Structure formats: structure tokens, C-alpha cells
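These notes concern the structure reproduced below.
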Amino acid sequence: MKLTGESCHVSWSEARGIQEIRSAQFEASSYDSDVDVIRGSCEVTETLDLTFSTGLSPFVDELGGYGSDLYEQLSFFEIPLADDGASDGGVWFGWQNRYELEAVKIVAPDWEVVIDEASENQVRLKLIPGSPSASQVALHRYSGLRDKPKLETLGLGEALLFGMWAPFRALCQLIWSALVSLHLVSGSWGLAIILLALLVRIFTIPVTKISMDYQRKAIEQQARMAPKVEELKRTATGIELSEKMVALYEDESYDHLAPFKGMLGLFIQIPILIALFSVIGEMSVLRDQAFLWISDLSLSDRLFGLGVDLPFFGGYFNLLPWMMALTTILSTWVAGLTTDAEISTGSLYGMALLFFVFFYSFPAALVLYWFASNFFQMLHQLAEYYLKR
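Per the working numbering, the sequence shown starts with residue 142, numbered consecutively.
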């Protein structure tokens, strides 16, 4: 049989009137099968024990580094379905790793289905008959890629982003839908990610502007206060110094929260970044999707192999984190152009180093988003600088 969506059906029955009907459908990326057990004239009085296991294992990226290790998991899920006319009810249960899913749906209206024990790769069920006349038990099995449209058609959509806090899951779903829409427009997942970064920057311009104003204020007041503080430290000590420092801050109307207010733009981006990290781990469609030199957007960009597996960083030279760090440094430097104060070395390189280390082995899709976001922020800052000259 070719993997083109063909179906086959097999039925079997015994003298007591129990009939088993099996059907299966084979496609290139998935396998669907159904088993219907139909009671004829016999009565059912005993509990049925069923055991299911999976052949799935966690996706392991040997040289991927810390960023790939975060996605190395195999999780069990259970999704009850409502009998609302659109669905015949029942319950889905199964396992999923980063790219694939195996699940079984049980529809047994006259039975109570109890998950007796679930482990990493096996589950035991008890089917308790509601009455001696309990009849049909229908099993549907799906094995294949975690393809969102396919899973939603089967009633398995809840398996994606499973177990997340509802508001955060809603944010992830919004980002997922935006990426799909931008991909339809651009025809490229890489361009879709860049366009998402641009749209987020556009929608957050009001907050970003406030954040940039506070950044300038923090830099200016720090530069203004530094020589006065040094003078006080030379002329006073102990309690006297503390009292004079408090008086100085009050006289200068020093805003102690200005540095934190200057990070408002970052505070808005962080939840989006975390949500995008979650979405990228769920979007099997990104696997093997190329963009520029990147062969797989779901993994780090891997310009070339290092020949050695470095702890935390992995075994590849990734170019995107270097580009991201450079745009972070340039963005911080451009922010200082609008003030006469000198940017400290720590401010200039600290954040860039932090994000470089943290993001180095993360999926290229995520690093591409943050690089594009920093680049658009830098363009915004340059535009403001030249407009005010």
C-alpha cells in the first residue's frame, strides 16, 4: 500500500456475537487506525483492562547545547472530549515529543474509562461496564507529526501547548496564528519571524518611546550626580555622608526608578520572547525549514561544526547570536547619542554578553526574532536622534 491516504478495512466476529472491525489509513507523515468492538448477544459483567505503550522517545540533539536540551522531553497527555454533536465524545490520551505524537481515543458511551496508571511510555486503562448491556467500544489511534491543522481536525488541538496557564497559552496561540498568517503572506518562515518582530515593535512604539525617554533621563542624571557624590565622599563620612546624600538626591529631584522605567520596553518583550520560545518548541512545521544559511529554523543556525562539544554551548559555530549581540551593543550606543553623558562599559557590553550566552544554542527562529527586534529598535532610536537634531 502506498502512503497516499489509502484505507484498508478488516472485520472479524465470533460465535457469541462479538464483532471487531479494524480500519487504517496511511499517509506519508501519519498513520490513523480505528478499532470497533461491538457486543452482540453476550452480556458484559467484567472490567476490561487495556495497556497501551508508545515507541516514541525524546528528541535528542547530541551537539545542540543547552538550547536543544530544553526541548528534550517526552510527555503524557489526556484530553476529555465533549459529546456536543460536533464530536462523539470520548477521551484522547497519548505521548508527544518535540516533533511527533502518538495518541489513542476511546469512545465508550456505556463504559467508565479510568486511567489506572500512566508512566513515561506506557498507560493502563480500566473500562468498567455501566450495565450488562454495555456495547460498543471504539478506539482511534493517530501517530504522526504534530501538525496543527491535522490535530485540530481530530480533536487533538489541546495537545499543543498542553498544560499551560490559560492567559499565557492564549498569548502563545496569538503568536502562532500571527506567524502562520505572516507565512501565508511572505511564503517564508524566516521572513514571517522578521515581520513578526517588526509588527511587535510597531505596536509597542508608545511604550518604547517612554522607555527611551527614561533611559536618557537615567543616563543624564547619573552623569550629573556622579561628580557631586564624589565630592561628598571626600568631605564627609558615616551618618553625615548618608544625610548629605539624601539631601542631595532630594535637591536634584533624583528619580531612583528611572533606570527600571527605562526597561519598560524590555519588560514587554520578555513575555513575548518566552511565548515565542514555547511556540517554536511546538511548531513541528519549522523542522527542516531553511532561511539564508540556516538549514533548520527549529535548531540553532549552525554555520559550521566546531569539531568539539563545548559544555552549554554545543558543537557548532552559530552566527546569529553574534549578530544579535552586535545589534544590542549598537542599540545601547545609539541610545547614548541623545545625551552628553558617557555610556559605561558595563551598560554597553553587559546586556549583550548576557543575551549572547543565554541565546547561543537556542533555535535559530528565536534568535532571528530577537536580532530583528533589536535591529528595528536601533533604527527607531536613530530616527529619533536625527529628527531631534
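The C-beta atom is built at its ideal place from N, Cα and C for all residues, glycine as well. Just so it is clear, the structure is predicted and the values come from calculations on it, not from any experiment.
Short of 8 Å in beta carbon distance, which residues of its chain neighbour residue i, apart from the five on each side in sequence? Order them along the chain.
| i | result |
| --- | --- |
| Trp330 | Leu320, His324, Val426, Leu427, Gln430, Phe432, Leu438 and Ala506 |
| Gln314 | Leu302 |
| Leu517 | Residue identity differs from the one stated: residue 517 is Phe in this sequence, not Leu. Counting only Cβ-Cβ distances below 8 Å, and skipping sequence neighbours, we find Ala338, Leu339 and Arg342. |
Going by CA-CA distance only, name the one from the options that's closest to residue i.
| i | options | result |
| --- | --- | --- |
| Gln237 | Phe458, Phe200 and Gly328 | Phe200 |
| Tyr212 | Tyr501, Ser383 and Gly422 | Gly422 |
| Phe218 | Ile269, Leu242 and Ile411 | Leu242 |
| Leu255 | Lys267, Met464 and Gln263 | Before going further, note that residue 255 is Val rather than Leu in the sequence given. Of the listed residues, the one whose Cα sits closest to Val255 is Lys267. |
| Ile411 | Gly379, Ser514 and Leu461 | Ser514 |
| Ile415 | Val264, Glu299, Leu312 and Arg357 | Leu312 |
| Ser322 | Phe408, Leu471 and Leu337 | Leu337 |
| Asn459 | Ser194, Phe193, Leu528 and Gly205 | Gly205 |
| Val232 | Gly379, Glu299 and Ile435 | Glu299 |
| Val245 | Ser209, Trp252, Gly296 and Glu203 | Gly296 |
| Pro308 | Gly446, Phe445, Thr473 and Ile413 | Ile413 |
| Ser472 | Leu191, Tyr526, Ser394 and Leu292 | Tyr526 |
| Ala223 | Ile247, Asp210, Leu447 and Ala364 | Ile247 |
| Phe453 | Phe445, Ser394 and Tyr501 | Tyr501 |
| Glu361 | Glu393, Ile435 and Ile346 | Glu393 |
| Thr192 | Leu389, Arg265, Gly304 and Leu286 | Arg265 |
| Leu373 | Phe496, Val508 and Glu384 | Glu384 |
| Leu417 | Gly304, Glu203 and Leu509 | Leu509 |
Can you list, in chain order, the residues of its chain whose CB lies under 6 Å from that of residue i, leaving out five sequence neighbours each side?
| i | result |
| --- | --- |
| Trp317 | Val420 |
| Leu189 | Leu268 |
| Arg443 | Tyr457 |
| Ile335 | Ala513 |
Could you check where the beta strand (DSSP E) with residue i kicks off and where it finishes?
| i | result |
| --- | --- |
| Asp450 | Phe445 to Leu451 |
Taking only three categories from DSSP, how would you classify residue i?
| i | result |
| --- | --- |
| Trp434 | coil |
| Gln263 | strand |
| Ser154 | The pLDDT assigned to Ser154 is 42, lower than 50, so where the model puts this residue is not dependable, and the model offers no usable value. |
| Gly235 | strand |
| Thr192 | strand |
| Gly491 | helix |
| Trp252 | strand |
| Ala377 | coil |
| Ala223 | coil |
| Tyr240 | coil |
| Phe167 | Its pLDDT being 47, under 50, Phe167 is placed unreliably in this model, and the value from its coordinates should be taken loosely. Correct three-state label for Phe167: strand. |
| Leu268 | strand |
| Gly456 | strand |
| Val387 | helix |
| Ser216 | strand |
| Val498 | helix |
| Val245 | strand |
| Asp392 | helix |
| Val426 | helix |
| Asp202 | coil |
| Asp354 | helix |
| Leu414 | helix |
| Leu467 | helix |
| Gly230 | coil |
| Leu382 | helix |
| Ser419 | helix |
| Ser472 | helix |
| Leu461 | helix |
What residues in its chain sit with their C-beta under 7 Å from that of residue i, if we drop five residues either side in the sequence?
| i | result |
| --- | --- |
| Leu197 | Leu215, Trp236, Asn238, Glu241 and Glu243 |
| Phe333 | For clarity, residue 333 is Ala in the given sequence; the question names Phe instead. Excluding positions up to five away in sequence, the list reads Leu320, Leu323, His324 and Ser327. |
| Leu103 | Since the first and last residues shown for the chain are 142 and 530, residue 103 lies out of range. |
| Phe512 | Leu461, Met464, Met465 and Thr468 |
| Ser194 | Asn262 and Gln263 |
Looking at the unbroken alpha helix (DSSP H) that takes in residue i, where does it start and where does it end?
| i | result |
| --- | --- |
| Ser284 | That residue, Ser284, is in no alpha helix (DSSP H); its beta strand (DSSP E) goes Val278 to Leu286. |
| Val508 | Ala505 to Lys529 |
| Ser209 | Tyr207 to Asp210 |
| Leu295 | Lys289 to Leu295 |
Problem - Complete runs of the beta strand (DSSP E) confined to the segment 300 to 351 [at least 3 residues] - result: none
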